[in-house]
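Participant:
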Amino acid sequence: MQRRLWCALAILCCSVVCSFAAPDKPKDVDRKEKLVVILLDGFRWDYVDQQKDKESLPGFRLLHKEGVRAKWVNPIFPSLSYASWTTLSTGLYAENHNIIGNYFHDSYRKETFELFNRTLTSNQRWWQDVEPIWTTATRKGRKVGTFLWARSDIPVRGILPHQAQGFQLTKGATSLGANLDKTIKMIKSEGYDLVMVYNEHIDNKGHQFGPTSPELMIALQEVDAELYKFLKKLDDTDLDETVNVMIVSDHGMTSGTPHSGAEYVEIDDYLDMDDVSYVIDRAAVAAVAPLPGKADKVYKQLKQMRGVDVYRRDDIPDNYYYKNGRYVQEILVCAKHGFVISGADSPKQIPRDPSTPRPMIWGGLHGYDNTHPDMRTIFMAMGPSFKKHYQGEPIDLVDIYQIYAHVLDLEPQPHNGSWSRVRSYLTNSASFSKVLSWNPILMTLLILLRYFI
Ligand SMILES: [Zn+2]
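Residues -21 to -1, 1 to 432, numbered by mature numbering (1 follows the signal peptide of the UniProt record, and there is no 0), are exactly what the sequence shown covers, in order.
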C-alpha cells in the first residue's frame, strides 16, 4: 500500500508541476501541424550506421539529411515491448504506467496479461491507470488513427480514437506500406491530425535470426523501401510542409544463439515448482511468485543460479523505476548479458515454451539491463517542428511522449520525460521547458523522501 501511495504522490506532484506549465505555452493560432508516428519494433540504435554500403537505406538516410536523429535512445527497464510501447505513449516508467512487461499477473484479482493473447490484453482494467497520447489528443478534439499500435483499440475512460487498430501478430513489411498509404489519405483528405503506425518486421527477424544476420539486413531494406515511398509521397503532395514524421522504437536486440556465445540456464534446476504459484516470463527477465512462507527458500535457491541477478522486490535497483509497479512479484530474476533464462517446463510457467527442443533457442533477445548498449534504440524525425540535418545527444525513451504533445500543441499528461534532453531537436523549443526541467529534481526528492518516511 505504501508503494502505491508513493506512486500516487509522484504522479500528483508531476500533475501539479505540469499544470503550471500551461500558461507558459506560446499559442500560435495558425499552427496546424500534423503528426505521423511510426513505431518500428526492435530497431537497435546502430542498425543504420552498421551498413557498409553508405548508399543503402535511402529512406532512413533521407530522414537523417532532412531531419533530426538522436545518437541513441536509452530504453526503460524492462527493455520489453508492451512495457516500452506504454512508455512511448505516456512518457512514464513501467512502475508508473503498470504495464510492466509482456507477461504479468495480478495476484489479487488472479488475472494474467499475455503478449499474444488478445482476450487477456483486452481486459480494460490494465489500461485505465494512465492516459496515452491518442486518448488525450482525441479528448482535445484532434482526429486520431492508429494501426496495430499496442491496445489503442481499448477505450481509456470511455474514449477511443476515430480509427483504432490494436496490436495483433502481423508479419512482414507489406502491412507497413499499406498502412502508410492509408495514412496519406487520412491526413490529406480525411482531416486526421495524428496517425500512429506500428510494424514488427524488424523485431521478428531479429528474434528469429539475430541482430547481425543477413535476414535482418533484408528486413531493414524492406522497411526502408516502404518508408522511402511514404516520404516521397509526402513530398510530392506538399504534405511535408505541415506533416511531422517521427520514427521511434521500443528497444534493441542482442544475439541469442549459443554460437554467438549466449549461455542458456534452466530455471528448473534451481527451483522447486511446488514452492511457487507462478514463474512469469523467461529469457532476459523472470518474475517468480513464491507460495506463502516459501519466499526465503526460493530466493536462496535462485541465488545459486548462474549468470543472473536475483532480487527481492524491495531490493530491485531504484534506477529501474520498476519495483513500485502494482503487478511486480516478490522475486525478480534478471539474466546478465550473455545469459538466457530457460523457462520452467511446468504449467506454472507463463508463457510455456515447447518441451522439445529444449532449451528453446532465440536468434536474438532483449529485455536485459537497460544500460547495456545492445538494448539502445532509435529516434528520428523530420517536418516543420524539427531542425534539419541535426544529430543530438542521447535521449531516454520516457522523453519521446512530450514531443508528440509539443507538435500537436497539447498539454502533456504528467510524465517522467525531461524537456532539457529534447529541446535541441525542435525548431520552437520554448514550450514547457522551464517547468518540465524540474522533473529530475522532483523525482530525486521523492526518492530521498522514501527513506525518511
Ligand atoms: Zn518490441
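Glycine included, each C-beta is placed from N, C-alpha and C at the ideal position.
Quick check on the burial criterion: 16 or more other C-beta atoms within 10 angstroms. Buried or exposed for ALA323?
Facilitator: With 16 or more Cβ atoms within 10 Å of its Cβ, ALA323 is classed as buried.
Participant: HIS230: beta carbon under 7 Å from a heavy atom of ligand 1?
Facilitator: The answer is yes for HIS230.
Participant: At the level of alpha carbons, what is the spacing between ASP332 and TYR243?
Facilitator: Cα to Cα, ASP332 sits roughly 14 Å from TYR243.
Participant: Assuming contact is defined by CB atoms lying nearer than 8 Å, are GLY21 and HIS230 in contact in what I supplied?
Facilitator: Their beta carbons are under 8 Å apart, which means GLY21 touches HIS230 by this criterion.
Participant: Only counting runs of 3 or more residues, tell me where the beta strand (DSSP E) segments fall wholly within the stretch 174 to 229, in order along the chain.
Facilitator: Counting whole runs of 3 or more residues, the stretch 174 to 229 contains the beta strand (DSSP E) stretches 222 to 227.
Participant: Indicate whether SER192 and GLY286 have their beta-carbon atoms separated by less than 8 Å.
Facilitator: Taking 8 Å as the Cβ cut-off, SER192 and GLY286 do not qualify as a contacting pair.
Participant: Which same chain residues end up closer than 7 Å to SER403 when comparing Cβ atoms and leaving out the 5 residues on each side of it in sequence?
Facilitator: Once the five neighbours on either side are set aside, the close Cβ partners of SER403 are GLY371.
Participant: Rounding to the nearest angstrom, what Cα-Cα distance links VAL386 and ILE112 in this structure?
Facilitator: Each residue's alpha carbon lies about 12 Å from the other.
Participant: Mapping DSSP to helix, strand and coil, what is ASN53?
Facilitator: Of the three classes helix, strand and coil, the one that applies to ASN53 here is strand, per DSSP.
Participant: So what does ARG291 bridge to, in DSSP terms?
Facilitator: DSSP lists ILE310 as partners of ARG291.
Participant: Compute every distance between the C-beta of GLY189 and the non-hydrogen atoms of ligand 1, then say whether any falls below 7 Å.
Facilitator: Answer for GLY189: no, Cβ out of range of ligand 1.
Participant: If PHE126 and ASN75 are in contact, beta carbons under 8 Å, what's the gap, nearest whole angstrom?
Facilitator: Not quite, the Cβ-Cβ distance comes to about 26 Å (not below 8 Å), so this is no contact.
Participant: Count Cβ pairs between the stretch 344 to 355 and the stretch 268 to 287 that sit closer than 8 Å; are there 3 or more?
Facilitator: The stretch 344 to 355, when compared against the stretch 268 to 287, does not touch it at the 8 Å Cβ threshold.
Participant: If distances are taken between C-alpha atoms only, which option among SER68, TYR249 and SER131 comes closest to ALA143?
Facilitator: When each option's Cα is compared against that of ALA143, the closest is SER131.
Participant: With burial defined as no fewer than 16 other Cβ atoms inside 10 Å of the residue's Cβ, what is the status of PHE(-2): buried or exposed?
Facilitator: Low confidence applies to PHE(-2): its pLDDT is 33, below 50, so where it sits in the model is not reliable enough to give any reading.
Participant: So, SER68 versus TYR380, is the Cβ gap smaller than 8 Å?
Facilitator: Yes, they are a contact pair.
Participant: Take the Cβ of SER58 as the centre, count every other Cβ of all protein chains shown within 10 Å, and call the residue buried at 16 or more, exposed below.
Facilitator: Burial call: buried.
Participant: Is the beta carbon of LEU210 less than 8 Å from the beta carbon of LEU41?
Facilitator: Against a cut-off of 8 Å, the Cβ pair of LEU41 and LEU210 comes out as a contact.
Participant: Straight-line CA distance for ASP388 to ASP378?
Facilitator: Approximately 16 Å, taken between the alpha carbons.
Participant: Which word fits LYS119, buried or exposed, when buried means at least 16 other C-beta atoms lie within 10 angstroms of its C-beta?
Facilitator: So LYS119 ends up on the exposed side.
Participant: Label ARG400 either buried or exposed according to how many other C-beta atoms from any shown protein chain fall within 10 Å of its C-beta, with 16 as the threshold for buried.
Facilitator: Result: buried.
Participant: Quick one: is PRO391 buried, meaning 16 or more other Cβ sit within 10 Å of its Cβ, or exposed?
Facilitator: Answer is buried; the Cβ neighbour count reaches 16.
Participant: Considering just the uninterrupted stretch of the beta strand (DSSP E) at PRO269, what are its terminal residues?
Facilitator: From DSSP, the beta strand (DSSP E) with PRO269 extends over 264 to 269.
Participant: By Cβ distance below 7 Å, which residues in the same chain neighbour VAL27 in space, the five residues on each side in sequence not counted?
Facilitator: Closer than 7 Å at the Cβ level, and outside the excluded window around VAL27, lie LEU36 and PHE39.
Participant: How about PHE358 and VAL135: are their beta carbons less than 8 Å apart?
Facilitator: Not closer than 8 Å, so no.
Participant: To the nearest angstrom, how far is it from the Cα of THR236 to the Cα of ASP172?
Facilitator: So the two alpha carbons sit approximately 43 Å from each other.
Participant: Taking the C-alpha atoms as reference points, what is the distance between GLN200 and TYR207?
Facilitator: For GLN200 and TYR207, the distance between alpha carbons rounds to 10 Å.
Participant: Should SER154 be listed as close to ligand 1, given that the test is whether its C-beta is under 7 Å from any heavy atom?
Facilitator: No.
Participant: Quick check on this structure: which residue in MET361, VAL15 and SER334 has the alpha carbon closest to the alpha carbon of VAL174?
Facilitator: The shortest Cα separation from VAL174 among MET361, VAL15 and SER334 belongs to VAL15.
Participant: Identify, in the order they occur along the chain, each residue of the same chain with its Cβ nearer than 6 Å to the Cβ of TYR61, setting aside the five sequence neighbours on each side.
Facilitator: Counting only Cβ-Cβ distances below 6 Å, and skipping sequence neighbours, we find ILE78 and ASN81.
Participant: Return the first residue and the last residue of the beta strand (DSSP E) that residue 433 is part of.
Facilitator: Examination of residue 433 is not possible in this model, given that the chain is present from -21 through 432 alone.
Participant: Are the CB atoms of GLY346 and VAL264 within a distance shorter than 8 Å?
Facilitator: Yes, the pair counts as a contact, with Cβ atoms nearer than the cut-off.
Participant: Which residue marks the beginning of the beta strand (DSSP E) containing TYR82, and which one marks its end?
Facilitator: Where TYR82 is concerned, the enclosing beta strand (DSSP E) stretches over 82 to 85.
Participant: Would the beta-carbon of GLY21 be found less than 7 Å away from any heavy atom of ligand 1?
Facilitator: Yes.
Participant: Identify the continuous alpha helix (DSSP H) that holds ALA274 and give its terminal residues.
Facilitator: Segment 274 to 281, the alpha helix (DSSP H) holding ALA274.
Participant: Is SER321 near ligand 1, judged by its Cβ being under 7 Å from some heavy atom?
Facilitator: No, ligand 1 has no heavy atom inside 7 Å of this Cβ.
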